[in-house]
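Numbering (the numbering used here), first residue to last: 345 to 629.
Using N, Cα and C, we set each Cβ at its ideal position, and we do this for glycine too.
Here it is, written out as C-alpha cells:
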C-alpha cells in the first residue's frame, strides 16, 4: 500500500450521507444511464487511432468487446443500460473541468458516473503550475456535491490516477518513447530529461509522484465523505505495475486498448457487488 504525503491529511467537507447502499438490498441496483467523466484516459485517446479520442475503447463507457468496460459489464447484468453509455471525458481536462462535466452528466440523468481525473493537474509545463492539492480536493468535492444534488439516488466510482513515475521507469530506456515525450512535450514535469540521473531531476520526479499520491489520497477522502454511494478503487490503478505493452505506440503515454482493458479489469472489483454476484460478468484474466 502506498504511503501518502502529509498533504493527504487536508480536511474535507463532509456531505450529508446518502441513502445507504447495501449489496444485499432486496432490489438489485440496475443503472439505466452511465457517464464517464475525466480526461484523455477515459476518452480512450490514442487507443485506436492517431491522436484521436477512441471512446469505444474507454475503460469506463466503451462498447468494444475487447475492452470489457464498466458499461459492458453492467449491460451484461441488465440490458436496460444498453445504448445509454455517455462519454463526457475530454482530452486535456483537469480537475477544473470536472464540475462542468458533472453538470452535463446530471442533465443526461446519469445513474452511474465514473471519474478518472488528475494526470493533467500534475502534467504541467513546470512544477509550480501543478494544481495545489487543496484546490484539487475542493474541485472533486464540488463535482460530487452537484451529483448528489442532481441525482441523489445515483452512484459514483472514482479511479486513482496512474503512477506517472512508473511510466518514466518503463519508458526511459526506450529511444522511441523518449522521442515522443520530447517532441510532443508530454508531461514535462515528470518526463523531461528522462535519462538524467542528476539529483535535481531525481528530486523533481519524486515531487511529482508525491503530488499524484496526494491527489489520490484526496480522492479517497472525498469519496469516503460522500458515503456508501461512492466507491474508490483503493489505488488499484496507481499501484498496478503496467508495462509498455499497455501504452499507446503513438505517444508512449496514454493507455492503448490493452491498457484500457487493464484499467476496467482492475477497477470493476470495487463496484461489482452492486450488481450482484450471480449477474456479474467475469473479468478476463
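_Measuring CB atoms only, is the stretch 508–528 touching the stretch 600–615, in the sense that at least three cross pairs come out at less than 8 Å?_
no
*asked:* So, does the stretch 510–520 touch the stretch 472–492, judging by three or more C-beta pairs under 8 Å?
replied: no
_First and last residue of the uninterrupted beta strand (DSSP E) at residue 501_ = Position 157 of the chain shown, counting from 1, holds the residue named residue 501. Start and end: 499–502.
*Residues in its own chain within less than 7 Å of residue 452 by CB, not counting five upstream and five downstream?*
Translated into the one-based positions of the chain shown, residue 452 becomes position 108. Contacts found: 377, 379, 430.
*Of the residues 420, 425, 449, the one placed nearest residue 432, counting alpha carbons only*: Start at 1 with the first residue of the chain shown, and residue 432 comes out as number 88. Among 420, 425, 449, the Cα nearest to that of residue 432 is on 449.
*Helix, strand or coil: which one does DSSP assign to residue 457?*
Counted from its first residue, the chain shown places residue 457 at position 113. Residue 457 falls in the strand class under three-state DSSP.
*Enclosing alpha helix (DSSP H) for residue 416 [first to last residue]*: The residue labelled residue 416 in the question sits at position 72 within the chain shown. Here the alpha helix (DSSP H) through residue 416 covers 414–421.
*Determine the burial state of residue 541: buried for a count of at least 16 other Cβ atoms within 10 Å of its Cβ, exposed for fewer.*
One-based indexing of the chain shown puts residue 541 at position 197. With fewer than 16 other Cβ atoms within 10 Å, it is exposed.
_Cβ pair count under 8 Å reaching 3, the stretch 484–491 against the stretch 547–557_ = no
*With a cut-off of 8 Å on the beta carbons, I'd call residue 459 and residue 503 a contact; round off their distance for me.*
Counting from 1 along the chain shown, the entry for residue 459 is found at position 115. Counting from 1 along the chain shown, the entry for residue 503 is found at position 159. With a Cβ gap of about 7 Å, residue 459 and residue 503 count as contacting.
*Among the residues of its own chain, which have a CB less than 7 Å from the CB of residue 397, if the five just before and after it don't count?*
Here residue 397 refers to the residue found at position 53 when the chain shown is read from its first residue. Excluding sequence neighbours, residue 397 sits near 387, 388, 389, 435.
*Flag this pair as yes or no: are the beta carbons of residue 618 and residue 403 separated by less than 8 Å?*
Counting from 1 along the chain shown, the entry for residue 618 is found at position 274. Counting from 1 along the chain shown, the entry for residue 403 is found at position 59. Going by C-beta atoms, residue 618 is not nearer than 8 Å to residue 403.
*Under 8 Å between the Cβ atoms of residue 584 and residue 521?*
By one-based count along the chain shown, residue 584 stands at place 240. By one-based count along the chain shown, residue 521 stands at place 177. Taking 8 Å as the Cβ cut-off, residue 584 and residue 521 do not qualify as a contacting pair.
_Distance between beta carbons of residue 603 and residue 590, contact taken as under 8 Å_ = What you label residue 590 is simply residue 246 of the chain shown in a count that begins at 1. What you label residue 603 is simply residue 259 of the chain shown in a count that begins at 1. Going by Cβ atoms, the distance from residue 590 to residue 603 rounds to 4 Å, so yes, they are a contact pair.
*Could you name each continuous alpha helix (DSSP H) segment of 4 residues or more that falls completely within the stretch 546–619, going from the start of the chain to the end?*
580–583, 601–612
_Less than 6 Å between C-beta atoms, sequence neighbours within five positions excluded: which residues of the same chain meet that for residue 634?_
Past the edges of the chain, shown from 345 to 629, lies residue 634, and the structure says nothing about it.
*Inter-residue Cα distance where the pair is residue 391 and residue 581*: Numbered from its first residue, the chain shown carries residue 391 at position 47. Numbered from its first residue, the chain shown carries residue 581 at position 237. Whole-angstrom Cα-Cα distance: 17 Å.
*Spatially closest choice to residue 500 from 571, 593, 586, by CA coordinates*: The sequence position of residue 500 within the chain shown is 156, counting from 1. Closest option to residue 500, Cα to Cα, is 571.
_Of the listed residues 495, 537, 561, nearest to residue 505 (C-alpha basis)_ = Along the chain shown, read from residue 1 onward, the residue named residue 505 stands at position 161. When only C-alpha atoms are compared, the closest one is 561.
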